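J.: Numbering (full-length UniProt numbering), first residue to last: 1 to 318. This is the structure I want to talk about, given as structure tokens.
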Amino acid sequence: MLVFPEVRGNFLSMSSDSFSMGGLDYPTFAWDHLVYRYMFLFGFVILIYDHFLTFDDEVRLIWRRPLRPSALWFFAVRYFSLACSIGMLFFYFWDFTPASIHQGKVMETLLMGQETLVEVTLALRVMGMYGNSLKVRIPLAVLGGIIAGLGLWTMIEYGEPQMLTAPGMSGCHTALPRKTALILAGVWESQTVFDLFVFILTVYRAHADRAVISMVQGSLVERMMRDGAMYFGIIALANLADVLTLYLGDVLIAGILSWGTTSLSVTLISRLILNLHRAGEGNTSAMTHDTTQLEGYSLRQPAAGTPGGLVVRGVYGR
């Protein structure tokens, strides 16, 4: 049980100048501190639990196969995030002296690195669905550049984060002043716009290839559509909740869901990659006729009086 020392205004009789609680009184700080830890553990447990659930598939589909670029990318997404989360576990629960805490900038960098891997994976996935068409690559690059620019500008504008600590508590947290929280909310909102754009492209491609999807059960386009809808639905809700904490939370609660949302994103992206490998392992006939594998070709009915069956037609001018 946590026992609160005597509080005098916003200051503690047992505190010193080396402790900073961002203007919060001790009970409020203690409660926010506890909730912040639980939210981090929520994302961390999901990441670890899903790792155990899918490890057999990972061994079969990734480790026992010849090493390919897609496998290397999977390792980067999954294990970079795992290493970051383990490192942040010490940040939230280990005892640090206030003067030695400089991990705030590191935390921002690790968070941004994980989100970059997630968004690049989504971009590569949808570009593959469109045969690497310039019409898709250019808007994706523009949106990605805007998000990256906002993220870097936030880190520069933010400067060295203020670390909040309190006597009698282990771990520390990053303070988010109101102005900084609003800027970060804009970053998360722009990321949601990027995810929405990717989802629209996925839906459009699935609609364009609906004839092939109906003919070939378990095709890659069908799998990408289903997985993409699941990803967007879950992550959109998580991002919305995180944005609300940035608008409505105090200096400690603001952004409380950021790490958990990122861990959830990495978990879903890892499953998306494994699902694509699983599709390649299973139905070879579907792989042969899938328009994703044909890089932008679809099927159409021949004109009346034309002999033969379905005709393969390029849909991107090739």
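Each residue gets a CB set at the ideal place from its N, CA and C atoms; glycine is no exception. Since this is a predicted model, take the numbers as computed values, not measurements.
1. Is M1 helix, strand or coil when you go by DSSP?
2. For F55, count the other beta carbons within 10 Å of its own beta carbon; 16 or more makes it buried, fewer makes it exposed. Which is it?
3. Note down, in chain order, each residue of its chain lying with its Cβ closer than 6 Å to the Cβ of Q191, except the 5 sequence neighbours on either side.
4. Are the CB atoms of A254 and M225 nearer to each other than 7 Å?
5. Thinking C-alpha only, which one of A236, F42 and P139 is nearest M127?
6. Run the CB neighbour count on Y79, radius 10 Å, all protein chains shown included, and call it buried at 16 or more, exposed below.
7. I need the straight-line Cα distance from R137 to T202, nearest angstrom please.
8. Give me the Cα-Cα distance between residue 354 and I200, rounded to the nearest whole angstrom.
9. Might you give, ordered along the chain, the residues of its own chain that have their beta carbon closer than 7 Å to the beta carbon of L111, omitting 5 neighbours on each side?
10. What residue range does the alpha helix (DSSP H) around V35 cover?
11. Quick check: what's the CA-CA separation for T109 versus R271?
12. Quick one: grab the DSSP three-state call for A236.
13. Under a three-way DSSP split, which group does H289 fall into?
14. Mapping DSSP to helix, strand and coil, what is W94?
T.: Result, derived from the coordinates:
1. The pLDDT assigned to M1 is 31, lower than 50, so where the model puts this residue is not dependable, and the model offers no usable value.
2. exposed
3. I147
4. no
5. P139
6. exposed
7. 14 Å
8. No information on residue 354 is available, as it lies outside the stretch 1 to 318 that the chain covers here.
9. S258, W259 and T262
10. Y26 to E58
11. 24 Å
12. helix
13. Because H289 sits at a pLDDT of 41, beneath the cut-off of 50, its placement in the model cannot be relied upon, and the following sentence gives the value as read from the coordinates. Looking at H289 - three-state DSSP - the assignment turns out to be helix.
14. coil
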